[in-house]
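Engineer: Mind having a look at this structure? Questions to follow.
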Amino acid sequence: MSVRVGILTIPEPDEQAVQVIQQKLQQSIPGSLFLLDRHVASHRHLIEEILRRWCDEEELDLVITIGGTLPAPGPSRHEIVPEATLAVLERLLPGLPEAMRAHAQMQSDLALLDRGVAGIRGRSLVINLPAGAAPALLFLEAVVDLIPAIIAHLQEQANAPLLSDVLEIEQVEEEHDQSLAALPLEQPT
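Numbering (the working numbering), first residue to last: -13 to 175.
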């Protein structure tokens, strides 16, 4: 699968973070083509415009932002990437940032401060990652294996994986029965 990727760092260039994200994507998604790599200051309208252009005109499959996701006093122009991203997205994928924060929380509870979002604009997947090479990589590791499946759905591929294809009803019933059998029996009082 060929995946056209753009990486946007905010508010400063972060070559190390871009490099580790590119390496992780190349390892996990061998057909990754890195077409755009840019940084922009924390100006909400500029971030929104770049995200729109990359999704609508460049038709990238995957747009990753790095930085700008921490708490900040409002209203201010600091840490506004989630708000800019939400203004551009057409559909949310809340499970991705939830999984990223849960995965990263195993390393540090500070991961719960991240406000990043993920979602869809047109046929593009947009994912916010926190600033810094190590945090960005840690967050991406939680969801990188799902990216090809999401893109397959966005490209309306006939072979896009479905949860119902993976889970057999017998398997779910068997696991449910095992869970019930493990529960302690209630004693009458």
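Even for Gly, the Cβ is constructed at its ideal location relative to N, Cα and C.
Between the Cα of L181 and the Cα atoms of P59, T71 and L46, which residue gives the shortest distance?
Structural biologist: A question about residue 181 goes unanswered here, because the residues of the chain that appear run from -13 up to 175.
Engineer: Could you tell me the boundaries of the beta strand (DSSP E) in which R107 lies?
Structural biologist: Numbered from 1 along the sequence shown, position 121 holds the residue referred to as residue 107. Residues A104 to R107.
Engineer: Give me the Cα-Cα distance between A90 and Q143, rounded to the nearest whole angstrom.
Structural biologist: Translated into positions along the sequence shown, residue 90 becomes position 104. Translated into positions along the sequence shown, residue 143 becomes position 157. Going by the C-alpha atoms only, they are around 31 angstroms apart.
Engineer: So, with DSSP's three-state summary, where would you put R(-10)?
Structural biologist: Counting from 1 along the sequence shown, the entry for residue -10 is found at position 4. Strand at R(-10).
Engineer: Quick check on T55: does DSSP put it in helix, strand or coil?
Structural biologist: The count along the sequence shown starts at 1 and reaches residue 55 at position 69. Three-state result, T55: coil.
Engineer: Any idea which residues DSSP pairs L22 with across the strands?
Structural biologist: On the sequence shown, position 36 is the one that residue 22 refers to. Answer is G(-8).
Engineer: R107 and L140: beta carbons closer than 7 angstroms?
Structural biologist: Start at 1 with the first residue of the sequence shown, and residue 107 comes out as number 121. Start at 1 with the first residue of the sequence shown, and residue 140 comes out as number 154. Not in contact: R107 and L140 (Cβ atoms no closer than 7 angstroms).
Engineer: Taking the continuous alpha helix (DSSP H) assigned at I137, which residues delimit it?
Structural biologist: As a working note, residue 137 is residue 151 in the sequence shown. Where I137 is concerned, the enclosing alpha helix (DSSP H) stretches over I133 to L140.
Engineer: Please confirm if the stretch 110 to 128 is in contact with the stretch -9 to 6, defined as three or more CB-CB distances below 8 angstroms between the two stretches.
Structural biologist: Touching, per the Cβ criterion.
Engineer: For L75 and R101, I'd like the C-alpha separation in whole angstroms.
Structural biologist: Taking the first residue of the sequence shown as 1, we reach residue 75 at position 89. Taking the first residue of the sequence shown as 1, we reach residue 101 at position 115. Distance between the alpha carbons of L75 and R101 is about 15 angstroms.
Engineer: Kindly indicate which three-state DSSP category L48 falls into: helix, strand or coil?
Structural biologist: In the sequence shown, counting from the first residue as 1, residue 48 sits at position 62. Here L48 sits in strand by DSSP.
Engineer: Relative to the alpha-carbon of I66, which residue among N114, L46 and L19 has its alpha-carbon at the smallest distance?
Structural biologist: Mapped onto the sequence shown, residue 66 falls at position 80. Considering only alpha carbons, the answer is N114.
Engineer: List the endpoints of the continuous alpha helix (DSSP H) containing V129.
Structural biologist: Start at 1 with the first residue of the sequence shown, and residue 129 comes out as number 143. No alpha helix (DSSP H) holds V129; DSSP gives it neither H nor E.
Engineer: Tell me, to the nearest whole angstrom, how far the beta carbon of P147 is from that of I15; I am working on the premise that it is less than 8 angstroms.
Structural biologist: As a working note, residue 147 is residue 161 in the sequence shown. As a working note, residue 15 is residue 29 in the sequence shown. With a Cβ gap of about 14 angstroms, P147 and I15 do not count as contacting.
Engineer: Kindly indicate the opening and closing residues of the beta strand (DSSP E) around L11.
Structural biologist: In the sequence shown, the residue the question calls residue 11 occupies position 25. That residue, L11, is in no beta strand (DSSP E); its alpha helix (DSSP H) goes E1 to S14.
Engineer: State the CB to CB distance for the pair L11 and V130, rounded to an integer number of angstroms; the pair is presumed to be in contact (CB under 8 angstroms).
Structural biologist: On the sequence shown, position 25 is the one that residue 11 refers to. On the sequence shown, position 144 is the one that residue 130 refers to. Contact holds; Cβ gap of about 7 angstroms.
Engineer: Under a three-way DSSP split, which group does L99 fall into?
Structural biologist: Numbered from 1 along the sequence shown, position 113 holds the residue referred to as residue 99. Note: L99 maps to helix in three-state DSSP.
Engineer: My guess is that G105 and L78 are in contact by the Cβ rule of under 8 angstroms, so how many angstroms apart are they, rounded?
Structural biologist: Against the sequence shown, residue 105 aligns to sequence position 119. Against the sequence shown, residue 78 aligns to sequence position 92. Confirmed, Cβ separation roughly 4 angstroms.
Engineer: Have a look at G53 and E45 and give me their C-alpha separation to the nearest angstrom.
Structural biologist: By one-based count along the sequence shown, residue 53 stands at place 67. By one-based count along the sequence shown, residue 45 stands at place 59. For G53 and E45, the distance between alpha carbons rounds to 22 angstroms.
Engineer: Below 8 angstroms on the Cβ atoms is my guess for V(-11) versus L48; work out the distance and round it to an integer in Å.
Structural biologist: Here the question's residue -11 lines up with position 3 in the sequence shown. Here the question's residue 48 lines up with position 62 in the sequence shown. About 6 angstroms separates the two Cβ atoms, so the contact holds.
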